[in-house]
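A quick write-up on the structure given underneath.
2 protein chains.
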Amino acid sequence: MRQRMPTIHDVAREAGVAASTVSRAFSNPRRVNVHTRQHIVAVAERLGYRPNPLARALPSGRTTTIGLLLPDVTNPFFFGIIRGAERQANAAGYTLILMDTEESPEVETHNVERLGRAVDGFVLASSRQSEADIRAAAGRNAVVLINKQVAGVPSVVIDNTEGTRQVVEHLASLGHRSLTYLSGPPASWSNANRWAALRESAGRLGMRVTRIGPFSPTVSGGAAAADAAIGRGATAVVAFNDMLAIGTLRRFAERGWRVPSDISVVGYDDIFGADFCSPPLTTLASPREDCGRTAIDLLLRGGRGEVVLPSHLVVRGSTGFVTG
Amino acid sequence: MRQRMPTIHDVAREAGVAASTVSRAFSNPRRVNVHTRQHIVAVAERLGYRPNPLARALPSGRTTTIGLLLPDVTNPFFFGIIRGAERQANAAGYTLILMDTEESPEVETHNVERLGRAVDGFVLASSRQSEADIRAAAGRNAVVLINKQVAGVPSVVIDNTEGTRQVVEHLASLGHRSLTYLSGPPASWSNANRWAALRESAGRLGMRVTRIGPFSPTVSGGAAAADAAIGRGATAVVAFNDMLAIGTLRRFAERGWRVPSDISVVGYDDIFGADFCSPPLTTLASPREDCGRTAIDLLLRGGRGEVVLPSHLVVRGSTGFVTG
DNA sequence: TTGAAAGCGCTAACAG
DNA sequence: CTGTTAGCGCTTTCAA
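Now the structure itself:
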């Protein structure tokens, strides 16, 4: 029942001009006489003409579309990134295609290959692909990485080094002498990065650090992590991210451990929920909307650098003085 | 520096066949001799050929792409819907374009018009458009609505009527005789629907109901709602959604009101966080992943009905007996 | 400033 | 089963 959509040719005929002129009137208005243009626009409006984005992209090669790939759309961590990217893309007249790779490197690689010609570029957030695959993708398309660095590929990451130092000093100032890191996905660049930063900062302050895991970076993963942490003797745990940290909070409560009097808990990211869980979570907050915005910006400007965005510690109720 | 991508013509020449045969080998493999096909595929592989989705869509009119529009990507309510839609779309070989309309009817209408030819159909979740605009969109594209009903347009909604009855009966069984509804966005179909269901159920049980608001359906909106609710005399509040409910929880605590002994709080949706806020929230849980899945399914099958998905009450710590 | 014409990469009849 | 031939709707030289 759907009627055929009018094309530039319909508009051209009706307006008494050539199709190419109609084309110009929309894609390059300044190369058309003001009056002709107004006339064309009026006719187009009357006919209900809408440019076909696909037909427009085919000869020009410009799709005005950007692909944003991430490992898990339901992870609150990515909300800010999505929103920042969305806003920046829209502001520049681009459409954002969002794709959930469900933590699978294969799915990610496959989609990057499949969509390569359908987008002007990709933003890969927390990419699970190998460096080789990322380089290959960057050879075919414009690519910007978020929270991962690969030599030669532009990226924007959230600072872990300095932020983690703040975390460790905060714990030290509360009297903690040892801490346990609850690690996240092995393929995660942030996970490796945070652990390295933790070792270094703790080492410098003479604190003992151990690592357990990996755990699924989810609330339910936190239960396993808490169980594993109990009996490790540490007075503080630093979780790979807030999801994991919130999960440990619940499990500690279930098992009768008091946070922070029995054990302190720190997370990363300051996601939705970190401020209203019980107790509210001490965490390293990251400027995620900025992150998404900057990535799109870099992509559209053809930037080449490695941007590092600062994070900052938010102290809430889950950390406290060592007692006993 | 980016090299020209090989096309079917390159593959055809290299394989010694016609371009149309290469085309068939990929889009309609069974209409090509097995050996020719294998040969073509091998050559294509060697050349690194990838079909161009745009070029493919132009003559056929099929884009294998679906647009999912929603008012706020950062609202946890939509996570499940996104994931369900994503999965179902991918399973059917479709790409999902996700678009955040930021609560603006204009942005929504504009994007529907702009992307009309670039997708095979739209899923409009919690659409903020007028019925007229939705009908217009449905005249041009395949459209499925989520959480909104418009005569003649297929939709999938989450049941409020029966679910709300459960909420009211739960409160009644705890001794509550009056409740206050904290309303959400005026343009929201669910908001109207929930309020209507609440009045009816409460009326039947002889409970007093009042409505205040509208409030922004966010955690910060909950603070305003809590302040407004205090002094209303109701022993229970039912919030438009969990975000709002969680916000009231915090505000009540700040003002020294105990939940549930001073006041009971109920939300809608059972979003991420509803189980670990303090106290954990009693809420009407909705099958959101199902919802997203069903909507895509309906769209792809060209279904015409109005699907209603059941919700169910989850009782947690935020509701209790009336005291005093 | 405008028109004519040649594609963009692919699909889809229509022959053979 | 395969090749030939038209386009899909638009952009983009190249002339006029």
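Protein chains in written order, with this note's numbering: chain A, 33 to 356; chain B, 33 to 356. Backbone N, C-alpha and C fix where the C-beta goes; we use that ideal spot for every residue, glycine too.
| query | result |
| --- | --- |
| DSSP-derived helix/strand/coil call for Ser296 of chain B | strand |
| C-alpha gap between Val189 of chain B and Arg325 of chain B, whole angstroms | 12 Å |
| Within chain A, partners of Glu118 of chain B - CB distance below 9 Å | Val105, Leu130, Met131, Asp132 and Glu134 |
| DSSP-derived helix/strand/coil call for Glu138 of chain A | helix |
| Chain B residues whose Cβ lies nearer than 7 Å to that of Leu90 of chain A | Leu86, Ala87 and Leu90 |
| Cutoff 9 Å: Arg160 of chain A Cβ touching any chain B Cβ | no |
| Host beta strand (DSSP E) of Ile178 of chain A (start-end) | Ala174 to Ile178 |
| Cβ neighbour criterion (16 or more within 10 Å) applied to Pro103 of chain A | buried |
| Segment contact, 8 Å Cβ cut-off, at least three pairs: the region 226-234 of chain A with the region 258-269 of chain A | no |
| Contact between the region 314-323 of chain B and the region 112-132 of chain B (3+ Cβ pairs under 8 Å) | yes |
| Unbroken stretches of the beta strand (DSSP E), 3 residues or longer, contained in the region 183-213 of chain A | 187-190 |
| Alpha carbon of Asp191 of chain A to alpha carbon of Thr106 of chain B, nearest angstrom | 23 Å |
| Inside the region 84-134 of chain B only - beta strand (DSSP E) runs reaching at least 3 residues | 97-102 and 127-132 |
| Residue span of the alpha helix (DSSP H) that contains Ile72 of chain B, given as start and end | Val66 to Leu79 |
| Cutoff 9 Å: Gly335 of chain A Cβ touching any chain B Cβ | no |
| From A:Glu134, A:Val340 and A:Ser210, residue whose alpha carbon lies closest to that of Leu237 of chain A | A:Ser210 |
| Contact with chain B by Phe58 of chain A, beta-carbon distance below 9 Å | no |
| Partner residues on chain B for Thr95 of chain A, Cβ-Cβ distance less than 8 Å | Leu86 |
| Given Val73 of chain B as reference, the closest of B:Arg56, B:Pro85, B:Arg88 and B:Ala87 once Cα atoms are compared | B:Arg56 |
| Minimum C-alpha distance to Phe110 of chain B - residue among B:Gln120, B:Leu130, B:Ala123 and B:Ser343 | B:Leu130 |
| Ser252 of chain A at chain B interface by Cβ criterion, 9 Å | no |
| Where the region 293-304 of chain B meets chain A: residues whose CB sits under 8 Å from a CB there | Phe304 |
| Whole-Å CB distance - Tyr300 of chain A paired with Thr315 of chain A, under 8 Å assumed | 6 Å |
| Host beta strand (DSSP E) of Thr315 of chain B (start-end) | Thr314 to Ala317 |
| Min CB distance Gly216 of chain A to chain B below 9 Å | no |
| Met33 of chain A in three-state terms, based on DSSP | Any reading at Met33 of chain A is ruled out, since the residue's pLDDT is 41, under 50, leaving its predicted position unreliable. |
| Nearest-angstrom Cα separation, counted from Arg282 of chain B out to Ile98 of chain B | 39 Å |
| Proximity below 9 Å, CB of Gly216 of chain B to CB of Asn143 of chain B | no |
| Under the three-state DSSP convention, the category Ile244 of chain A falls into | strand |
| Interface flag, Pro108 of chain B vs chain A, CB-CB below 9 Å | yes |
| 8 Å Cβ cut-off: residues of chain A touching Met239 of chain B | Per Cβ cutoff of 8 Å: no residues; Met239 of chain B is ~29 Å from chain A at best. |
| For Gly335 of chain B, the residue or residues it bridges with in DSSP | In DSSP, Gly335 of chain B forms no bridge with anything. |
| Through-space distance from Leu276 of chain A to Arg333 of chain B, alpha-carbon basis | 39 Å |
| Same chain, Cβ closer than 7 Å to Met33 of chain A, neighbours up to 5 away in sequence not counted | The pLDDT assigned to Met33 of chain A is 41, lower than 50, so where the model puts this residue is not dependable; a value taken from the coordinates is nonetheless given after this. Hits under 7 Å: none found. |
| Per-residue DSSP class, three states only, for Leu341 of chain B | strand |
| C-alpha gap between Pro312 of chain B and Ile278 of chain B, whole angstroms | 9 Å |
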